[in-house]
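Novice: Protein chains in written order, with the UniProt record's numbering: chain A, 1 to 336; chain B, 1 to 336.
#1: What ranges does the beta strand (DSSP E) occupy inside the UniProt domain "PurM-like N-terminal" (42–153) of chain B, keeping only unbroken runs of at least 3 residues that lie completely in it?
#2: Short check: CB of residue 282 of chain A to CB of residue 316 of chain A, under 9 Å?
#3: Determine the DSSP secondary structure at residue 253 of chain A, reduced to helix, strand or coil.
#4: May I ask you to report which of helix, strand or coil DSSP gives residue 158 of chain A?
#5: Taking residue 25 of chain A as the query, report the chain B residues whose CB atoms sit under 7 Å from its CB, ordered along the chain.
#6: Where DSSP assigns a beta bridge to residue 292 of chain B, which residues make up the other side?
#7: Given that residue 343 of chain B touches chain A, what residues does it touch there, using C-beta distances under 7 Å?
#8: What residue range is occupied by the uninterrupted alpha helix (DSSP H) comprising residue 207 of chain B?
#9: Evaluate the contact criterion for the region 150–167 of chain A versus the region 83–93 of chain A: three or more CB pairs, one atom per stretch, below 8 Å.
#10: Measuring CA to CA, which of B:264, B:59, B:86 is closest to residue 134 of chain A?
#11: Count the other CB atoms within 10 Å of the CB of residue 113 of chain B; is the residue buried (16 or more) or exposed (fewer)?
#12: Between the alpha carbons of residue 96 of chain B and residue 87 of chain B, how many angstroms are there, rounded?
#13: Figure out for me which residue from B:120, B:167, B:236 has the closest Cα to the Cα of residue 177 of chain B.
#14: Would you kindly report the start and end of the unbroken beta strand (DSSP E) that includes residue 310 of chain B?
#15: Looking at the structure shown, is residue 299 of chain A part of a helix, part of a strand, or coil, going by DSSP?
#16: Using a Cβ cut-off of 8 Å, which residues of the region 108–142 of chain B contact any Cβ in chain A, in chain order?
#17: DSSP three-state call for residue 314 of chain A: helix, strand or coil?
#18: With C-beta atoms as the reference, is residue 138 of chain A less than 9 Å away from residue 104 of chain A?
#19: The region 44–60 of chain A: which residues have C-beta closer than 8 Å to a C-beta of chain B, in chain order?
#20: Could you pull out every residue in the same chain whose Cβ sits closer than 6 Å to the Cβ of residue 229 of chain B, ignoring the five residues on either side in sequence?
#21: Name the residue from A:286, A:305, A:222 whose alpha carbon lies nearest to the alpha carbon of residue 262 of chain A.
#22: Return helix, strand or coil for residue 17 of chain A, following the three-state DSSP convention.
#23: Based on DSSP bridge pairs, tell me the residues matched to residue 319 of chain B.
#24: Show which residues of chain A have a CB atom less than 7 Å away from the CB atom of residue 162 of chain B.
#25: So for residue 35 of chain A, helix, strand or coil by DSSP?
#26: Using a Cβ-Cβ cut-off of 9 Å, state whether residue 365 of chain B counts as contacting chain A.
#27: Measuring alpha carbon to alpha carbon, tell me which residue in A:126, A:271, A:174, A:218 is nearest residue 32 of chain A.
#28: If you draw a straight line from the alpha carbon of residue 330 of chain A to that of residue 82 of chain B, how long is it in whole angstroms?
#29: Our contact map puts residue 217 of chain B next to residue 44 of chain A with C-beta atoms below 8 Å; I'd like the distance itself, whole angstroms only.
#30: Thinking residue 253 of chain B and residue 247 of chain B are a contact (beta carbons under 8 Å), I'd like their distance in whole angstroms, please.
#31: Going along chain B, which residues have a C-beta under 9 Å from residue 233 of chain A?
#32: Give a yes or no on whether the minimum CB-CB distance between residue 177 of chain A and chain B is below 9 Å.
#33: Residue 264 of chain B and residue 321 of chain B look like a contact to me (Cβ under 8 Å); what is the Cβ gap, rounded to whole Å?
If you want it as structure tokens, here you go:
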């Protein structure tokens, strides 16, 4: 590795030309650390100081499946994969303490893309004060995959599980629903030379941006835990599907409020029509807002109450909407 | 997902047919847990009880680069990727407390392969008492990738870093050197209808088995830490390359003992010749034996002393062999 390469001067370099050591020193060295990182990247493992039990989760993104280069920049991908992982920690009532990042890519991959990825990872990691403590690099014959593991802790002292909901609680969402799905739909249609009317163009651009780089308020997880949340999950596969997971784990029924859902869908209706808008709110994934149950009156400021929990009854656990069991969509990586 | 599929009765099923939930309930449910796992797979994150700081490392294997299906079974791949990660923990003086496993594979992948992978993961995880606490599944257009993150603790109370060696220490290896590389060489040659003479066939088979499924004694890491090891690393990229990492981090020179290296190479010489045998010992990766420095007389029983450390001098840090700086090989994922 030449000094010029190490300094990032050769912007046309590929990962194969940089080599493993070059990639590590050139690209990953820019990431910040914290005092809790007793040993950071560069030894056999990282060593992280802890206070109490450790949260651990992992989430990967695969090019062509979880993102398309035509739609998402390297920065977008890095930011999104970190958000996905930190949202899982938030959904337990936790915050991040460390990230491990694995990049699998062909040697022909421009180093500039990996720099962008790192910048995206760093932007979200820095925003939430979470250091990158380690990682791995592997070459492939063409596939590109970014896998992140996030470690965390529970500042509120308790973990909020999917199984903790009780009948008669309010069901609330910490932020938006459907924006990521609406953005994806816009991207799909725009391939066919379609773009929303001028009146909706600004909103559509925001949905697209949210799809490519979601930025949920991850601090709401700790607040929800402190407010006494019964059960919590982040909306990664859609309201109905993720709500169904709370319903299953807590063995109860979750009744969605038809009027509130309609209100949330109204944002998308001018562009996507009534059915499309409802699909976004009910089935749209990758939103990463938090969905939680609370004792009546304990819903934190800024959350939107979208329903109530009830005894499962003879029909068994599930999500109900308009008097029927909702089965709506959501994303299965293996289409099952 | 049908009940028959969940029970694993349909052995011809693909991952796409099983679906994400089916894969999780069918394949990953067989893995064991421990008391320290406060929350295991199935919620947003795992929650792990800890005692002291947490070790964290991650290592991935990619089909076609890190293994070939012609040579390695799914069980081999699962076992090897866990060994690689646990060896990194051992190289710090640590032991495993939890594993996160990510599988990226096409929907057309036979479920039977994923079951084999899980069996391999489970065999090593169980042998060392480490639970699988979480993971992720993603589909691909064909690429197959297994990524593992290992968390650990330090039973000896201290982390052994690469930077802790001092001049005048003994350099020792906890187990074999070169067997994985010798096995790989046999596999490569056997594609050309070659196989060792009958007198060496049994040894050659053992090297091949070690290459496909290395089984280093991972308990030696804690013992080395307790014996006062100065610096430690696991031999994943070859003795010269990994020894060079200790030399660099500790800013000293590592002199290999020519006679001991020759003795270690003698095992491979009848099959691979003098040069090939030396290459295995000096540059052979994926062995995952531990390489450590110790104060004179503190080398643990069963370890092989392969050299000594010395002041770096004007030539700077490095590994020396036969009076010259060794530059020997080792594996760079990006060939740099």
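Virtual Cβ for every residue (Gly too), placed ideally from N, Cα, C.
Specialist: So, from the listed chains and residues:
#1: 46–48, 54–62, 95–105, 132–139, 145–153
#2: no
#3: strand
#4: coil
#5: Going along chain B, no residue has its Cβ under 7 Å from residue 25 of chain A, so there is no contact; the nearest lies around 11 Å.
#6: B:172, B:232
#7: Any question about residue 343 of chain B goes unanswered here, given that chain B covers just 1 to 336.
#8: 198–212
#9: yes
#10: B:59
#11: buried
#12: 9 Å
#13: B:236
#14: 304–311
#15: coil
#16: 133, 134, 135, 136, 137, 138, 139, 140, 141, 142
#17: coil
#18: yes
#19: 44, 45, 46, 47, 48, 49, 50, 52, 53, 54, 55, 56, 57, 58, 59, 60
#20: 160, 292, 294
#21: A:305
#22: helix
#23: B:254
#24: 43
#25: coil
#26: Any property of residue 365 of chain B remains undetermined from this structure, which presents chain B solely from 1 to 336.
#27: A:126
#28: Unreliable positioning characterises residue 330 of chain A in this predicted model, as indicated by a pLDDT of 47, which lies under 50. A coordinate reading is not provided.
#29: With a Cβ gap of about 16 Å, residue 217 of chain B and residue 44 of chain A do not count as contacting.
#30: 6 Å
#31: 43, 44
#32: no
#33: Rounded, the Cβ-Cβ distance is 12 Å, inconsistent with contact.
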